[in-house]
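See below for the structure under consideration.
Residue numbers (the numbering used here), protein chains in the order written: chain A, 6 to 113; chain B, 4 to 149.
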């Protein structure tokens, strides 16, 4: 599991890469929480473009990040999940709390 | 029912073995020529069952997890994941969506995902003795690409 983040204009994007399971969940939770504490963003975007696998441990990671954002009055979005992670997200019904979007094309 | 092929594996309940277990299951299932989606379903379900053993069956110790995969009648994948851990006192409750005894680190969606990603899920548990999860998934033969 690899984590990277990017911040601009109140928007924190956290990129998760690799496999998100129970083994890697703590790294992900801590990594996301550290970034939120550092930047205090208005919006958190979880970019899953590079995430090849996720199980229900990932749902718990997302819910915890969502609660942290919401308690600070912020919003959260999930972007560009691959097929397998998307199927797990769908099964969990998490899209009722957090919007899931395919990645927006960069406009010039 | 004819058993066409099988593997048996045993490994300690280290969380680092979660990725090994699902990769091994996917590797064995590959001979049925599954689609990427089917492989994803198999990996996800194995990951959920093995994680349950690690988190719930052996919460304070390292125990043995055994995994047996069989190919039945040349088209069904049977996955049996067994532990000799704590067991589940109330199975009905344990299988409810969002129910968990694992606190905020767990989502309570494991059994729900296994149930919806596999064709059949059977859970047998005896408190103090352990739990056996049996899953079945038919891999349909695709025409024209064999």
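Even glycine gets a Cβ: it sits at the ideal position worked out from N, Cα and C. Source: prediction; values computed, not measured.
C-alpha distance - residue i paired with residue j, whole-angstrom precision
i	j	result
residue 161 of chain B	residue 10 of chain A	Outside the shown range of chain B, which is 4 to 149, sits residue 161 of chain B, and nothing can be said about it.
residue 62 of chain B	residue 22 of chain B	19 Å
residue 46 of chain A	residue 137 of chain B	45 Å
residue 89 of chain B	residue 49 of chain B	19 Å
residue 65 of chain B	residue 22 of chain A	28 Å
residue 53 of chain B	residue 12 of chain A	36 Å
residue 100 of chain A	residue 47 of chain B	19 Å
residue 133 of chain B	residue 77 of chain A	42 Å
residue 73 of chain A	residue 83 of chain A	15 Å
residue 66 of chain A	residue 33 of chain A	7 Å
residue 44 of chain A	residue 86 of chain B	44 Å
residue 141 of chain B	residue 16 of chain A	44 Å
residue 44 of chain B	residue 120 of chain B	5 Å
Residue-level contact to chain A via CB, residue i, 8 Å cutoff
i	result
residue 58 of chain B	yes
residue 109 of chain B	yes
residue 21 of chain B	yes
residue 64 of chain B	no
residue 11 of chain B	no
residue 113 of chain B	yes
residue 16 of chain B	no
Assumed close pair residue i, residue j - CB separation to whole angstroms, cut-off 8 Å
i	j	result
residue 139 of chain B	residue 123 of chain B	4 Å
residue 52 of chain A	residue 26 of chain A	About 19 Å; that fails the 8 Å criterion.
residue 110 of chain B	residue 56 of chain B	That pair is no contact at about 17 Å.
residue 49 of chain A	residue 81 of chain A	5 Å
residue 80 of chain B	residue 10 of chain B	Not really, about 11 Å apart at Cβ, beyond 8 Å.
residue 127 of chain B	residue 135 of chain B	5 Å
residue 35 of chain B	residue 84 of chain B	That pair is no contact at about 19 Å.
Classification of residue i by the beta-carbon crowding that lies within 10 angstroms, buried from 16 upward
i	result
residue 107 of chain B	exposed
residue 129 of chain B	exposed
residue 6 of chain B	exposed
residue 88 of chain A	exposed
residue 7 of chain A	exposed
residue 107 of chain A	exposed
residue 78 of chain B	exposed
residue 86 of chain A	buried
residue 104 of chain A	exposed
residue 125 of chain B	exposed
residue 113 of chain B	buried
residue 117 of chain B	buried
CB contact check: residue i to chain B, cutoff 8 Å
i	result
residue 64 of chain A	yes
residue 75 of chain A	no
residue 89 of chain A	yes
residue 7 of chain A	no
residue 60 of chain A	yes
residue 84 of chain A	no
residue 24 of chain A	yes
residue 30 of chain A	yes
residue 97 of chain A	yes
residue 68 of chain A	yes
residue 50 of chain A	no
Those residues which DSSP pairs with residue i across a bridge
i	result
residue 6 of chain A	Residue 6 of chain A is not bridged to any residue.
residue 8 of chain B	B:74
residue 81 of chain B	B:73, B:139
For the region 34–47 of chain B, which residues have a beta carbon sitting closer than 8 Å to at least one beta carbon of chain C?
The question asks about chain C, but that chain is absent: this structure's protein chains are A and B.
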